[in-house]
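A.B. asks:
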Amino acid sequence: MHNVVNMCDDVYWVGTNDRKTDRFENMWPLDRGVSYNSYLIIDEKVAVIDTVEFGTHSSYLDKIQDMLGDKKVDYIVINHMEPDHSGSLKVLLTNYPEAKIVGNKKTFAMIKGFYKIDHNFYEIAEGDELDLGKHKLTFATIPMVHWPESMVTYDKTTKILFSNDAFGTFGALDGGIFDDELDIDFYEDEMRRYYSNIVGKYGAQVQNAFKKLAGLEIKCIAPSHGPIWRTQIERVMKHYDAWSKFEPEDEGVVVVYGTMYGNTAKSANAVARQLAKEGIKNIRVYDASKTHMSYIIRDIWKYKGLIIGSCAYNSSVYPPIEALLAELKLYGVKNKYLGVFGTYAWSGGGMKAIKEFGEGMRGIEVVGEPIDVFCSPTPEDYTKVEAIAIEMANRLKSER
Ligand SMILES: [Fe+2]
Ligand SMILES: [Fe+2]
422 MHNVVNMCDD VYWVGTNDRK TDRFENMWPL DRGVSYNSYL IIDEKVAVID TVEFGTHSSY
482 LDKIQDMLGD KKVDYIVINH MEPDHSGSLK VLLTNYPEAK IVGNKKTFAM IKGFYKIDHN
542 FYEIAEGDEL DLGKHKLTFA TIPMVHWPES MVTYDKTTKI LFSNDAFGTF GALDGGIFDD
602 ELDIDFYEDE MRRYYSNIVG KYGAQVQNAF KKLAGLEIKC IAPSHGPIWR TQIERVMKHY
662 DAWSKFEPED EGVVVVYGTM YGNTAKSANA VARQLAKEGI KNIRVYDASK THMSYIIRDI
722 WKYKGLIIGS CAYNSSVYPP IEALLAELKL YGVKNKYLGV FGTYAWSGGG MKAIKEFGEG
782 MRGIEVVGEP IDVFCSPTPE DYTKVEAIAI EMANRLKSER
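Residue numbers (the working numbering): 422 to 821.
(1) Measuring CA to CA, which of 633, 610 and 491 is closest to residue 560?
(2) If you measure from each residue's Cβ to the nearest non-hydrogen atom of ligand 2, which ones come out under 5 Å, in chain order?
(3) With H, G and I counted as helix, E and B as strand and the rest as coil, what does DSSP make of residue 448?
(4) Going by C-alpha to C-alpha distance, which of 495, 643, 515 and 562 sits closest to residue 501?
(5) Quick one: using the 10 Å Cβ neighbour count with 16 as the cut-off for buried, is residue 678 buried or exposed?
(6) Figure out for me which residue from 707, 661, 507 and 457 has the closest Cα to the Cα of residue 609.
(7) Does any heavy atom of ligand 1 sit closer than 7 Å to the C-beta of residue 611?
(8) Helix, strand or coil, according to DSSP, for residue 578 in the structure here?
(9) So, at 6 Å on beta carbons, what are the nonlocal neighbours of residue 463 in its own chain, with the 5 sequence-adjacent residues on each side left out?
(10) What number of angstroms, rounded off, separates the C-alpha of residue 499 from the C-alpha of residue 602?
(11) Do residue 639 and residue 582 have their CB atoms nearer than 8 Å?
(12) Of all the beta strand (DSSP E) runs that stay within the bounds of the segment 452 to 489, which reach a length of 3 or more residues?
(13) Can you say whether residue 767 is buried or exposed, counting buried as having 16 or more other CB atoms within 10 angstroms of its CB?
(14) Determine, using beta carbons only, whether residue 600 and residue 664 come nearer to each other than 8 Å.
(15) May I ask you to verify whether the segment 686 to 704 touches the segment 747 to 754, counting CB pairs closer than 8 Å and requiring at least 3?
(16) Could you have a look at residue 754 and say whether DSSP puts it in helix, strand or coil?
(17) Quick check on residue 438: does DSSP put it in helix, strand or coil?
(18) Rounded to whole angstroms, what's the CA-CA distance from residue 426 to residue 549? Just pull it up for me.
(19) Taking the alpha-carbon of residue 512 as reference, which of 528, 532, 647 and 475 has the nearest alpha-carbon?
(20) My output table needs one value for residue 792: the three-state DSSP class, helix, strand or coil.
(21) Checking 8 Å against the spacing of the C-beta atoms, do residue 717 and residue 675 come in under that value?
This is the structure in structure tokens:
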């Protein structure tokens with residue numbers, strides 16, 4: 422069967438790759454696509470675990486029909502209602518009208534809301550077992566990873582954890598499906614971008630999920646986006662644990678700036694150069710107007726050092742920086758050192774807004790003296806800007 426991958430026993434990957442959609446949730450760039458992983462268990466009873474985004478349903482349905490022939494789908498497990506996973510539920514039900522939809526109380530309210538479906542519900546509670554024959558499925562709710570109704574499904578027989586959004590990545594599956602078949606560094610980076618931007622706000626809930634799943638013997642993590650983890654389970658678990666606690670992975674600094682005419686960029690370059698002179702190797706410099714915020718946030722998650730600069734704009738902060746600050750505030754980013762600089766020509770506003778942001782966030786410490794440069798930096802201004810870099814580097818190095 423083409424484009425269906427046998428995972429083990431009677432468990433199959435029947436997901437789809439989407440290289441057409443420009444932005445996930447109409448917001449996050451999909452430079453190398455995304456996969457919607459759905460799984461099929463063909464036992465005495467047949468279960469589908471999660472569906473795929475509606476736009477890719479045609480090839481999806483073909484795979485299931487080809488695999489099943491005259492067999493019917495008995496259960497459709499909906500771990501998460503976001504339409505990238507539930508989007509083909511209606512199509513599946515049209516073709517398999519007797520299939521029972523497996524979900525929790527919160528799932529069904531959303532199914533009614535999104536799809537106006539109010540029948541075939543098979544409600545499960547925490548710890549219930551669904552017997553497929555050889556395979557026995559159990560369920561655990563993991564609220565807010567990523568939505569309130571989110572849950573995971575565990576196959577006691579194969580010890581596969583169908584984790585839905587948890588441990589998911591951006592990036593279509595380019596041939597390989599399993600972690601040992603792929604360039605892991607790329608997917609790890611995309612998992613970081615996915616986590617920080619999609620799940621990042623819910624660190625405490627990820628920790629709760631960890632507690633709930635502790636003690637479970639997991640041989641394979643099968644998420645709903647990206648690679649199936651079967652050789653790197655410890656590595657991805659470690660990442661999730663650290664990310665959800667806002668623990669930096671490595672010594673480094675993100676320098677991000679908003680500039681109209683390049684004057685704020687001058688300070689950004691000076692700050693970065695000074696960081697390098699101080700021995701900081703991981704430095705990422707971003708123009709907030711050019712690089713999509715999701716990549717900047719990904720790296721902010723990775724490093725403890727953050728230096729933000731902005732020109733003034735209508736007596737306030739430059740809009741791309743304003744958007745970044747709003748997002749970081751929403752996610753409750755913490756455990757960061759923050760350096761602040763700005764540029765102004767009359768009433769200012771850029772530097773002030775970043776400084777207020779830093780001072781208002783628990784777990785963010787403003788380091789060095791924020792500086793607002795008049796029009797374009799003078800030699801004295803450069804010295805002050807470099808002082809921020811020196812202070813940042815010293816703080817980071819003291820933690821070595
Ligand atoms: Fe989601
Ligand atoms: Fe998703």
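Backbone N, C-alpha and C fix where the C-beta goes; we use that ideal spot for every residue, glycine too.
C.D. replies: Inspection of the coordinates gives the following:
(1) 633
(2) 505 and 586
(3) coil
(4) Selected option, being the one with the closest Cα: 562.
(5) Result: buried.
(6) 661
(7) no
(8) coil
(9) 431
(10) Approximately 28 Å, taken between the alpha carbons.
(11) Yes, these two residues count as a Cβ contact at 8 Å.
(12) 455 to 457, 460 to 463 and 467 to 470
(13) exposed
(14) no
(15) Output reads no: the segment 747 to 754 does not touch the segment 686 to 704.
(16) The DSSP-derived three-state label of residue 754 is coil.
(17) It is a strand residue.
(18) 28 Å
(19) 475
(20) In the structure shown, residue 792 sits in a strand (DSSP, three-state: E or B).
(21) Cβ distance < 8 Å, so residue 717 and residue 675 count as in contact.
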